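J.:
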Amino acid sequence: MYVPLIADGAPCFLCSIQNNFTSPPPPPPPPSSPHFPPMLWNQQAEAMANSHKTNDINNDSSDKNKEEKNPVAGHPYFTRKIDVKYIAKPARTNVVLKCLATGNPKPNITWYKDGFPLTRLHGTVEFKKWTLEILNCTTSDAGNYTCVICNIHGCIEKTYKVIIRERVLYKPVFTIPPQNQTLALGYTANFTCEVIQDVHAHIGWFVGAKCNNPEQLIEQSYYLNNSITSTPPELYIIQNVTHKHEGWYTCVAANSFGVSCASAYLTVLDGKLLQPLPENNTRVNTSS
Numbered sequence: 029m030y031v032p033l034i035a036d037g038a039p040c041f042l043c044s045i046q047n048n049f050t051s052p053p054p055p056p057p058p059p060s061s062p063h064f065p066p067m068l069w070n071q072q073a074e075a076m077a078n079s080h081k082t083n084d085i086n087n088d089s090s091d092k093n094k095e096e097k098n099p100v101a102g103h104p105y106f107t108r109k110i111d112v113k114y115i116a117k118p119a120r121t122n123v124v125l126k127c128l129a130t131g132n133p134k135p136n137i138t139w140y141k142d143g144f145p146l147t148r149l150h151g152t153v154e155f156k157k158w159t160l161e162i163l164n165c166t167t168s169d170a171g172n173y174t175c176v177i178c179n180i181h182g183c184i185e186k187t188y189k190v191i192i193r194e195r196v197l198y199k200p201v202f203t204i205p206p207q208n209q210t211l212a213l214g215y216t217a218n219f220t221c222e223v224i225q226d227v228h229a230h231i232g233w234f235v236g237a238k239c240n241n242p243e244q245l246i247e248q249s250y251y252l253n254n255s256i257t258s259t260p261p262e263l264y265i266i267q268n269v270t271h272k273h274e275g276w277y278t279c280v281a282a283n284s285f286g287v288s289c290a291s292a293y294l295t296v297l298d299g300k301l302l303q304p305l306p307e308n309n310t311r312v313n314t315s316s
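Residue numbers (my numbering): 29 to 316.
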């Protein structure tokens, strides 16, 4: 910007350079000349200073708007609520642990197992941003896994307890076999049968013979369909029992390693039971 200064009829020009980033340095002192009056210099210098002040205010406002568009600097935080505390997996599967988080500046993540930096003697561990994946896990991988997420403002952490069970590589094992029951006419029978599910087992119910040999059982019994379609296969329900329902009920479980079976007997009595039924229950279990 050129500012014309006129003194005693002789023109003189003052050059000022400015940009949008910094305020210009103060103008140089007036030359010692009788043709450059100090009063006129001061007036022009003040006008220039006011002009620069206006530019600085506008620049500050522009910078503030830019800051408002950027994420606000702050402490790291999880972007998804983590409710899971325990993860149980069978051996030779993959375990995936997630700690999704953010912050400004962007935080980093470090994983620990049982309080020590994560190392694995056998097998592979993959780190994918906020996710840890343990491939082909073994029982030695069980423990407490902690993600620690930090930036300059602080740290947050989350701990998972990982449980690894050895796979059961044999025919189904019953954890809850069906139990003998004695009921009065009109009551409801509930037979339950649960097996270890490390290897998926198909479960079915048969009536008519006690289980001594699974292959013979299929020939001597009848396959049953649950009258309640929403009932899980581990449960067989007989509503409004009568004398024709008396007999052996057998749970058969099969997987790729073999077949197992367990039986229970249903007895139906006339009249009322001598032993009262428990509250909110429709069956009485008796020992075999």
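We put the CB at the ideal spot given by N, CA and C, even for glycine. Remember, predicted model here, so these are calculated numbers, not experimental data.
1. According to DSSP, which residues form a beta bridge with HIS230?
2. Contact between the region 271-280 and the region 200-220: three or more CB pairs below 8 Å?
3. THR220 CB to nearest chain C CB: under 7 Å?
4. Roughly how many whole angstroms lie between the Cα atoms of ASN172 and PRO200?
5. In angstroms, rounded to a whole number, what distance separates the CA positions of GLU96 and LYS109?
6. Grab the span of the beta strand (DSSP E) containing LEU163 for me, first residue to last.
7. My output table needs one value for GLU185: the three-state DSSP class, helix, strand or coil.
8. Find the nearest neighbour of LYS189 within the set ASP142, ASN268 and GLN207, judged by alpha-carbon distance.
9. For a quick check, are the C-beta atoms of PRO104 and ILE192 less than 7 Å apart?
10. What would DSSP say about GLN207, mapped onto helix, strand or coil?
11. Between which two residues does the beta strand (DSSP E) holding VAL123 run?
12. Whole angstroms are fine: how far does the CA of THR295 sit from the CA of VAL312?
13. Note down the Cα distance separating THR130 from THR187, rounded to an integer number of angstroms.
14. What would DSSP say about GLU274, mapped onto helix, strand or coil?
15. Classify TYR215 as buried or exposed, calling it buried when 16 or more other Cβ atoms lie within 10 Å of its own Cβ.
16. Between which residues of its own chain and GLY299 is the CB-CB distance below 8 Å, once the five residues before and five after are set aside?
17. Using the rule of at least 16 other Cβ atoms within 10 Å of the residue's Cβ for burial, across every protein chain shown, is ALA101 buried or exposed?
18. For ALA290 versus PHE202, is the C-beta spacing smaller than 7 Å?
19. Does the beta-carbon of GLN209 have 16 or more other beta-carbons within 10 angstroms, so that it is buried, or is it exposed?
20. Do you know offhand how far THR270's Cα is from GLY286's?
21. What three-state label does DSSP hand GLU194 in the structure shown?
T.: Let's see:
1. ALA282
2. yes
3. The structure shown contains no chain C; it is built from a single protein chain.
4. 30 Å
5. At GLU96, the pLDDT of 37 sits below 50, so the modelled position is not reliable and the matter cannot be decided from this model.
6. In the DSSP annotation of this structure, LEU163 is not part of any beta strand (DSSP E), being labelled neither H nor E.
7. Annotated three-state conformation of GLU185 is strand, per DSSP.
8. Distances from the alpha-carbon of LYS189 to those of ASP142, ASN268 and GLN207 put ASP142 closest.
9. no
10. coil
11. 123-126
12. Caution is warranted here: a pLDDT of 42 is assigned to VAL312, below 50, making its placement in the model unreliable, and the coordinate value is therefore given only provisionally. A direct Cα-to-Cα measurement between VAL312 and THR295 gives close to 10 Å.
13. 17 Å
14. DSSP places GLU274 in the coil class of the three-state scheme, outside both helix and strand.
15. buried
16. ALA212 and LEU213
17. exposed
18. yes
19. By the neighbour-count rule (16 or more Cβ atoms within 10 Å), GLN209 is buried.
20. 35 Å
21. GLU194: coil per DSSP, three-state reduction.
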